[in-house]
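Below, the structure is given as structure tokens:
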């Protein structure tokens with residue numbers, strides 16, 4: 101078909117997408133619909149998946165909120181040494197935390213969920229968690 105119609109483009113999409121909107125975007129192209137069967141959908145939230153898999157964020161995980169704590173520096177005089185001074189540098193011990201984490205909201209969840217959510221960077225796709233979830237689904241079947 102493509103050799104005879106190189107201008108032909110086919111867009112396959114979910115029934116939940118607004119087909120008319122796509123049609124208007126593509127200059128009013130025709131929309132073909134075909135009926136299919138629907139499958140049951142279950143809503144499962146991140147906190148439920150974390151509880152099911154007992155996922156632990158690794159210390160070096162790219163999905164962990166980065167800690168950009170500032171270094172503190174202080175210079176002080178030494179009692180011995182004829183006016184000598186010493187400089188000390190340190191970093192605050194407070195760990196970076198997910199600003200969207202609300203401990204009260206997840207009160208009924210186990211500590212592993214709290215630990216993961218408190219440190220999780222929600223803007224990064226957690227491939228390790230996805231693999232753990234797939235493994236869990238495979239074991240349950």
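In our numbering, the protein residues as written are 101 to 241.
Backbone N, C-alpha and C define an ideal beta-carbon position, used for all residues, glycine too.
Every value quoted in this text rests on a predicted model; they were computed, and no experiment measured them.
Burial state of residue i, where buried means 16 or more other Cβ atoms lie within 10 Å
| i | result |
| --- | --- |
| residue 164 | buried |
| residue 226 | buried |
| residue 113 | exposed |
| residue 132 | exposed |
| residue 150 | buried |
| residue 220 | buried |
Cβ-Cβ separation, residue j to residue i (assumed contact under 8 Å), whole Å
| i | j | result |
| --- | --- | --- |
| residue 212 | residue 174 | In fact, because the Cβ distance is near 38 Å, the residues do not count as touching under 8 Å. |
| residue 152 | residue 236 | 6 Å |
| residue 216 | residue 156 | 7 Å |
| residue 228 | residue 161 | 7 Å |
| residue 185 | residue 176 | 6 Å |
Reduced DSSP secondary structure (H/G/I, E/B, other) of residue i
| i | result |
| --- | --- |
| residue 122 | helix |
| residue 151 | helix |
| residue 177 | strand |
When the options are compared against residue i, the one with the closest alpha-carbon
| i | options | result |
| --- | --- | --- |
| residue 172 | 188, 223, 140 | 188 |
| residue 197 | 222, 134, 205, 177 | 222 |
| residue 141 | 116, 111, 107 | 116 |
Cutoff 8 Å; reference residue i; Cβ partners in own chain excluding five residues on either side
| i | result |
| --- | --- |
| residue 234 | none |
Contacting residues, own chain, Cβ-Cβ under 6 Å from residue i (five flanking each side not counted)
| i | result |
| --- | --- |
| residue 201 | 217, 218 |
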